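Peer 1:
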DNA sequence: GTCCATAAGTGCAACAGCTCAACTTTTTGC
DNA sequence: GCAAAAAGTTGAGCTGTTGCACTTATGGAC
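Written out as structure tokens, the structure reads:
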């Protein structure tokens with residue numbers, strides 16, 4: 001996520017000097033990585049070069065990020081928070097699948113409408129197979145959390161199978177658009193399916 | 001896929017000596033790899049060792065398979081054929097989502113009911129993160145083909161967005177069960193959603 | 001049957017991502 | 001102030017993967 005400086009949705013508010021320094025190092029690495037990737041492409045930038053640019057050792061780099069792909073998707077936690085909030089704080093009367101649909105489409109449109117930095121970021125992810133795959137797997141990692149919230153919001157028991165199913169499918173849906181011209185319509189149809197199906201809950 | 005010898009659903013029937021030899025080499029590599037993986041685990045077997053066991057060079061190995069994970073999922077093409085057939089040759093009156101549901105469940109049950117070799121194979125995939133991810137991404141690669149068949153079978157125009165959406169979600173559904181006790185029920189609920197939603201087609 | 005373009009296979013060196021172990025430097029809580 | 005813990009460093013090394021230059025076998029044209 002391109003968020004080089006402060007403007008953050010859910011700033012973790014680092015307190016001690018130690019944690020502040022750690023956060024700064026992490027940020028320096030992520031910034032250097034994103035800058036280089038945007039300049040020259042993901043595959044043409046090596047880990048050692050990123051570490052150099054951020055003035056740390058490769059070992060340090062890997063203490064902050066579990067792998068090369070993760071350098072691009074910094075602040076994954078914020079994404080999960082936004083996702084859960086989209087369901088919890090949906091307008092009264094709106095169905096859960098519809099709330100998820102809107103959240104997905106908002107994300108997608110953030111590139112086209114305005115922020116060119118974010119648009120470039122999306123383009124980078126979309127044009128790099130390794131990043132596309134990672135991105136997809138990343139969202140799926142939030143399935144359990146989303147399922148829990150859906151269960152709460154729909155008054156079903158925690159761990160309910162139908163909630164788990166909906167959570168998983170809703171997270172998979174945005175990627176149905178992969179490489180299609182009519183991307184937005186495909187996403188819409190996917191959520192149509194889920195919305196109609198969900199309304200039919202036993 | 002554990003299919004060491006002949007018994008093959010869709011044997012490509014190699015003709016010339018050249019192609020036969022090529023197929024034999026490929027099979028030798030896949031066999032050696034699967035054997036070693038089952039014996040000692042995916043991560044504890046190196047590429048060089050597999051190549052040695054199959055008596056080829058690593059270069060040759062990578063001419064036959066695009067990466068380490070692909071060694072496990074030999075004959076991916078057969079899987080796609082089975083998938084498409086499940087939709088095309090479904091019993092009259094059965095909905096497309098239901099046909100896909102049954103296909104998914106049949107696959108899942110093949111491990112539990114009988115063939116211990118296949119059960120061990122599933123266990124290997126399931127317990128190795130790299131293989132789980134690859135497996136999931138692999139199925140998704142068949143989205144376009146499945147979408148085409150769904151369009152044909154439902155009398156919609158090729159390239160229809162709703163068909164693409166259903167195809168993608170149906171392929172994602174089996175993985176909703178990941179790491180859950182009630183795996184089969186989750187898959188069932190996922191297909192319930194899709195079936196109900198699909199019946200509501202505009 | 002001979003000959004040649006082509007494809008399969010080889011050996012080796014190298015790169016890139018990632019990890020490990022031993023060690024130095026802060027920083028923090030007491 | 002001081003000891004313990006955490007951040008960072010260094011450097012070597014493993015593993016998957018690729019490129020390159022080369023040999024061998026095959027299939028088809030003549």
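Protein chains in written order, with this note's numbering: chain A, 1 to 202; chain B, 1 to 202. Ideal Cβ positions, reconstructed from N, Cα and C, are used throughout, including at glycine. Please read these numbers as outputs of a predicted model, since none were measured by experiment.
Secondary structure at residue 154 of chain A, three-state DSSP: helix, strand or coil?
Peer 2: In this structure, residue 154 of chain A counts as helix in the three-state DSSP scheme.
Peer 1: Measure the C-alpha to C-alpha separation of residue 60 of chain B and residue 160 of chain A and round it to an integer number of angstroms.
Peer 2: Each residue's alpha carbon lies about 49 Å from the other.
Peer 1: What first and last residue would you give for the alpha helix (DSSP H) that runs through residue 69 of chain A?
Peer 2: Note, residue 69 of chain A: premise wrong, no alpha helix (DSSP H); not H, not E.
Peer 1: Pull out every residue of the region 168-179 of chain B whose Cβ sits closer than 9 Å to any Cβ of chain A, in chain order.
Peer 2: Taking 9 Å as the Cβ-Cβ cut-off against chain A, the residues of the region 168-179 of chain B that qualify are 168, 169, 171, 172, 173, 175, 176, 177, 178 and 179.
Peer 1: Name the residues in the region 87-101 of chain B whose C-beta lies less than 8 Å from a C-beta of chain A; which are they?
Peer 2: Within the region 87-101 of chain B, no residue qualifies.
Peer 1: Does any CB atom of chain A fall closer than 8 Å to the CB of residue 84 of chain B?
Peer 2: No, its Cβ sits nowhere closer than 8 Å to a Cβ of chain A.
Peer 1: Would you call the CB atoms of residue 72 of chain B and residue 131 of chain B closer than 8 Å?
Peer 2: The answer is yes: Cβ separation under 8 Å.
Peer 1: Kindly say whether residue 30 of chain A, judged by its beta-carbon, lies nearer than 8 Å to any beta-carbon of chain B.
Peer 2: It does not; no Cβ of chain B falls within 8 Å.
Peer 1: Let's test the definition: count the other Cβ atoms within 10 Å of the Cβ of residue 199 of chain A and tell me whether it reaches 16, buried, or not, exposed.
Peer 2: Exposed, by the Cβ-count rule.
Peer 1: Going by alpha carbons, who is nearest to residue 192 of chain B out of B:180, B:169 and B:27?
Peer 2: Out of B:180, B:169 and B:27, B:169 has the C-alpha closest to the C-alpha of residue 192 of chain B.
Peer 1: Of the residues that make up the region 182-197 of chain B, which ones have a beta carbon closer than 8 Å to any beta carbon in chain A?
Peer 2: So the list reads 182, 185, 186, 187, 188, 189, 190, 192, 193, 194, 195, 196 and 197, given in the order they occur along the chain.
Peer 1: In or out: residue 19 of chain A buried (at least 16 other Cβ within 10 Å) or exposed?
Peer 2: That one is exposed.
Peer 1: Which stretch, first to last residue, makes up the alpha helix (DSSP H) that contains residue 82 of chain A?
Peer 2: First-last of the alpha helix (DSSP H) with residue 82 of chain A: 76-88.
Peer 1: Does residue 131 of chain A have its Cβ less than 8 Å from a Cβ in chain B?
Peer 2: No, its Cβ sits nowhere closer than 8 Å to a Cβ of chain B.
Peer 1: Do you know offhand how far residue 201 of chain B's Cα is from residue 185 of chain B's?
Peer 2: Cα-Cα distance, rounded: 25 Å.
Peer 1: In angstroms with no decimal places, state the Cα-to-Cα distance between residue 157 of chain B and residue 190 of chain A.
Peer 2: Going from the Cα of residue 157 of chain B to the Cα of residue 190 of chain A covers about 17 Å.
Peer 1: Please check the pair residue 87 of chain B and residue 79 of chain B, which I expect to be a contact at CB under 8 Å, by giving their CB distance rounded to whole angstroms.
Peer 2: The pair is not a contact, with the Cβ atoms about 14 Å apart (cut-off 8 Å).
Peer 1: In the DSSP assignment, find the alpha helix (DSSP H) that holds residue 25 of chain B and state where it starts and stops.
Peer 2: Here the alpha helix (DSSP H) through residue 25 of chain B covers 17-40.
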